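As they're listed, the protein sequences go chains A and B.
First residue of the first sequence: 5, per the numbering used here; consecutive thereafter.
First residue of the second sequence: 50, per the numbering used here; consecutive thereafter.
Input: a single structure, listed below in structure tokens.
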Amino acid sequence: MTLEESRTRYDGQAPPDRPVIAIDGLVKSFDGRVVIDNADLHVLPGAIVTIIGQSGGGKSTLLRCVNLLERPDRGSIDVAGEPVFAGTRVVCRDLARLRQSVGMVFQRFNLFPHLTAVENVMLAQMKAAGVSAPAAIDNAVRLLRRVHLAHRGLAFPDQMSGGEQQRVAIARALALQPKVLLFDEPTSALDPESTREVLQVMRELSDDGMTMLIVTHEVPFARRISDSVVFLDGGRIIEQGTAAEVLDRPTQQRTKDFLKTFDDPLT
Amino acid sequence: MIHWLQAHGWWPFHVHWSEWTGQLLAGLLRTLGYTAAGFTAAALFGLVLALMRMSRIRLVRIPAAVYTELFKNIPLLVIVFVLYFGLPETKSVFGDWVVLGTFNAGALALAIFYAAYLSETFRAALAGVHDGQREAAQALGLSRWSIFAHVVFPQALRLALPGTNTMLVDMLKSTSLLITITAGELMSVGQSVSSQTFEVMEVYLVLAAIYFAMCYPLSQALLWLERRVRAGAALSLRRHRRLRTARRLLATVQPAATAQPGGTA
Numbered sequence: 005m006t007l008e009e010s011r012t013r014y015d016g017q018a019p020p021d022r023p024v025i026a027i028d029g030l031v032k033s034f035d036g037r038v039v040i041d042n043a044d045l046h047v048l049p050g051a052i053v054t055i056i057g058q059s060g061g062g063k064s065t066l067l068r069c070v071n072l073l074e075r076p077d078r079g080s081i082d083v084a085g086e087p088v089f090a091g092t093r094v095v096c097r098d099l100a101r102l103r104q105s106v107g108m109v110f111q112r113f114n115l116f117p118h119l120t121a122v123e124n125v126m127l128a129q130m131k132a133a134g135v136s137a138p139a140a141i142d143n144a145v146r147l148l149r150r151v152h153l154a155h156r157g158l159a160f161p162d163q164m165s166g167g168e169q170q171r172v173a174i175a176r177a178l179a180l181q182p183k184v185l186l187f188d189e190p191t192s193a194l195d196p197e198s199t200r201e202v203l204q205v206m207r208e209l210s211d212d213g214m215t216m217l218i219v220t221h222e223v224p225f226a227r228r229i230s231d232s233v234v235f236l237d238g239g240r241i242i243e244q245g246t247a248a249e250v251l252d253r254p255t256q257q258r259t260k261d262f263l264k265t266f267d268d269p270l271t
Numbered sequence: 050m051i052h053w054l055q056a057h058g059w060w061p062f063h064v065h066w067s068e069w070t071g072q073l074l075a076g077l078l079r080t081l082g083y084t085a086a087g088f089t090a091a092a093l094f095g096l097v098l099a100l101m102r103m104s105r106i107r108l109v110r111i112p113a114a115v116y117t118e119l120f121k122n123i124p125l126l127v128i129v130f131v132l133y134f135g136l137p138e139t140k141s142v143f144g145d146w147v148v149l150g151t152f153n154a155g156a157l158a159l160a161i162f163y164a165a166y167l168s169e170t171f172r173a174a175l176a177g178v179h180d181g182q183r184e185a186a187q188a189l190g191l192s193r194w195s196i197f198a199h200v201v202f203p204q205a206l207r208l209a210l211p212g213t214n215t216m217l218v219d220m221l222k223s224t225s226l227l228i229t230i231t232a233g234e235l236m237s238v239g240q241s242v243s244s245q246t247f248e249v250m251e252v253y254l255v256l257a258a259i260y261f262a263m264c265y266p267l268s269q270a271l272l273w274l275e276r277r278v279r280a281g282a283a284l285s286l287r288r289h290r291r292l293r294t295a296r297r298l299l300a301t302v303q304p305a306a307t308a309q310p311g312g313t314a
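Written out as structure tokens, the structure reads:
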């Protein structure tokens with residue numbers, strides 16, 4: 005059985021005008037401290053949306069609410085036209101299938117250390133999507149080629165550089181043919197050379213039309229590939245618009261102050 | 050050679066061991082039987098206890114913690130005696146099943162005692178698997194069972210193997226305590242030989258050699274296994290085959306595939 009055959013997926017690709025991710029009025033708090041405050045965010049098919057902001061500003065939490073790794077307090081989330089969260093409760097009928105529709109790449113890679121790169125990419129195909137082993141191997145090899153890591157397919161995570169691990173993590177996230185990829189600070193734990201390798205793969209994905217929601221501190225990269233940039237501060241979306249609007253001509257003082265730190269961290 | 054040594058008075062043994070070979074072999078097999086049964090039960094029970102101790106529900110967590118602390122702090126011999134000599138006294142209340150017999154009482158005592166220690170090893174190993182691993186598996190849509198079976202357990206096993214292996218060798222040696230219930234294992238056979246030959250020193254030195262000959266290769270084999278598992282070696286034929294297929298496919302030279310939106314190459 006191939007991946008295509010095995011899937012009765014979230015209903016197809018969302019129409020071009022219909023967001024792949026629609027977040028409305030989202031609120032999330034931890035121990036009474038509000039970390040997401042009434043956030044609205046729509047991600048259209050094929051769009052690259054980048055979330056920037058200070059550490060602890062709620063960026064990762066917002067991302068993690070999309071695939072319900074964090075459960076929001078209230079608001080609504082739709083993924084690929086399917087309601088996931090509404091009001092104060094999870095309305096997603098099949099959480100596993102939702103998560104297969106939303107690939108996620110973590111800051112710390114989180115590859116499975118007991119498996120080789122190729123097995124990391126195979127695992128979810130076989131155990132979550134019910135793909136046969138030969139088809140999963142075939143698909144994993146092709147995905148490793150896509151992230152330029154075919155030569156490292158049989159390496160274990162601890163034998164790979166950070167950049168290689170993150171590219172395997174991207175291949176793993178792609179393995180279930182997600183509708184959208186979530187990137188949670190994918191380069192924050194990497195040296196400049198590894199960062200370049202990972203950003204190169206992400207740019208290739210964007211060129212191929214992959215819908216992506218990215219939390220990053222790489223402002224130049226965000227400027228280059230984003231269709232839309234969101235500035236999140238204290239759990240609130242302060243400003244959002246095109247990359248040029250938010251990054252080059254911000255209207256809010258908080259955004260200006262934040263962006264200024266990238267020019268000179270000590271100012 | 051033996052005759053020559055005997056003729057010159059250099060043969061160190063006074064016991065005619067060839068007469069005891071059958072009994073020694075039976076004792077050896079019984080020792081291995083106690084170890085296999087006791088360890089299998091202890092490992093399974095220890096894993097259940099470890100999972101219970103990691104539960105968020107207090108009613109599940111507390112009994113497991115009480116059990117572990119209780120049996121970690123009671124000597125094995127006391128458990129053996131309670132099961133073998135004590136339980137049958139309650140026959141009139143609980144029925145015939147409390148008369149366990151030598152093998153059942155011995156193996157059960159080993160299981161009860163070592164499960165407490167193994168649960169600690171397993172708990173530490175399960176807790177040692179980084180939360181990010183569970184999270185990554187969740188994000189891939191794996192079920193709770195798949196997360197445990199394919200992500201958490203294999204990693205916990207790697208962490209637990211050194212402690213678990215030590216316990217296995219320790220249990221094999223501890224079967225000698227079952228001499229107190231005439232369990233028919235190696236030590237009991239040794240006692241029988243020494244009481245009939247009065248060659249106490251020789252008999253117990255030979256027993257020591259037999260135990261060493263079992264335990265040393267076992268611990269070395271387990272060390273080898275530990276190293277293999279840590280190195281991520283394919284221990285199953287199925288995994289070996291998959292990796293071989295992957296190696297063959299990875300070796301074929303192909304241009305990098307073109308990515309498709311929302312899909313694989």
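Where is the CB? At the ideal position from N, CA and C, for every residue including glycine.
Computed from a prediction, not measured in an experiment: that's the story for all the values here.
N-terminal and C-terminal residue of the alpha helix (DSSP H) that residue i is part of
i      : result
K63/A  : K63 to V70
G166/A : G166 to L178
T184/A : Reading off the sequence shown, one finds Val at residue 184/A, where the question assumed Thr. V184/A -> not in any alpha helix (DSSP H); beta strand (DSSP E) instead, spanning V184 to D188.
M206/A : P196 to D211
A159/A : A159/A -> no alpha helix (DSSP H), and no H or E assigned at all.
L292/B : L286 to A300
Local conformation of residue i per DSSP, three classes
i      : result
S232/A : strand
R97/A  : coil
P138/A : helix
P87/A  : strand
S10/A  : Low confidence applies here, because S10/A scores a pLDDT of 43, under 50, leaving its location unreliable; read the following figure in that light. In the structure shown, S10/A sits in a helix (DSSP, three-state: H, G or I).
T255/A : coil
K131/A : helix
M263/B : helix
T54/A  : strand
F262/A : helix
F152/B : helix
T313/B : With a pLDDT of only 39 at T313/B, under the threshold of 50, the placement of this residue in the model should not be trusted, and no figure is reported.
D77/A  : coil
D180/B : helix
D21/A  : coil
A305/B : Annotation note: pLDDT 47 at A305/B (below 50); position unreliable, coordinate value reported separately. Coil at A305/B, not helix or strand.
Beta-carbon neighbours of residue i, restricted to chain A and to distances below 7 Å
i      : result
P211/B : Chain A residues near P211/B: none, gap ~16 Å exceeds 7 Å.
R207/B : H118
E184/B : L73 and N114
Q204/B : P117 and H118
Residues that residue i contacts on chain A, provided the C-beta gap is smaller than 8 Å
i      : result
G181/B : F110, R112 and N114
Beta strand (DSSP E) segment containing residue i, residue limits
i      : result
R37/A  : R37 to V47
Q244/A : R240 to G245
G29/A  : I25 to F34
M108/A : V106 to V109
I216/A : This sequence places Met at residue 216/A; Ile is not what is there. Where M216/A is concerned, the enclosing beta strand (DSSP E) stretches over M216 to V219.
Neighbouring residues, chain B, relative to residue i (Cβ below 8 Å)
i      : result
I141/A : R291, T294, A295 and L298
V145/A : A295, L298 and L299
V233/A : Per Cβ cutoff of 8 Å: no residues; V233/A is ~21 Å from chain B at best.
Closer than 7 Å at the beta carbon, the chain B residues around residue i
i      : result
G157/A : A295 and L299
R22/A  : Ordered by position in chain B, no residue passes the 7 Å Cβ test against R22/A, which lies about 14 Å from the chain.
L127/A : H199
A154/A : L299
K131/A : L191, S195 and H199
Where residue i meets chain B, residues with beta-carbon distance less than 9 Å
i      : result
A247/A : The contacting residues do not exist; A247/A stays about 20 Å from chain B at best.
F160/A : A280 and G281
A51/A  : Residues of chain B passing the Cβ test: none, with the nearest at roughly 11 Å.
A137/A : R287, R290, R291 and T294
* Would you mind listing the alpha helix (DSSP H) stretches within the stretch 185-261 of chain B that are 4+ residues and don't spill past its ends, in chain order? => 202-223 and 235-246
* Any residues in the stretch 187-206 of chain A with a beta carbon nearer than 8 Å to a beta carbon of chain B? Which ones, in chain order? -> none
* Asked: Can you list, in chain order, the residues of the stretch 187-202 of chain B whose Cβ is nearer than 7 Å to any Cβ on chain A?
  -> Q187, A188, L189, G190, L191, S192, S195, H199 and V200
* Cβ-based contacts, 7 Å cut-off: residues of the stretch 256-283 of chain B near chain A -> Residues passing the 7 Å Cβ filter: G281.
* To do: Please list the segments of the alpha helix (DSSP H) lying wholly inside the stretch 70-133 of chain B, counting only runs of 4 or more residues, in order along the chain.
  => 70-102, 107-121 and 125-130
* What residues in the stretch 78-108 of chain A have a beta carbon less than 7 Å from any beta carbon of chain B? -> A100, R101, R103, Q104 and M108
* To do: Pull out every residue of the stretch 168-182 of chain A whose Cβ sits closer than 9 Å to any Cβ of chain B, in chain order.
  => A173, R176, A177, L178, A179, L180, Q181 and P182
* With 9 Å as the limit, tell me which residues of the stretch 204-228 of chain A have their beta carbon closer than that to any beta carbon of chain B; keep them in chain order. => E208, L209, D211, D212, G213, M214 and T215
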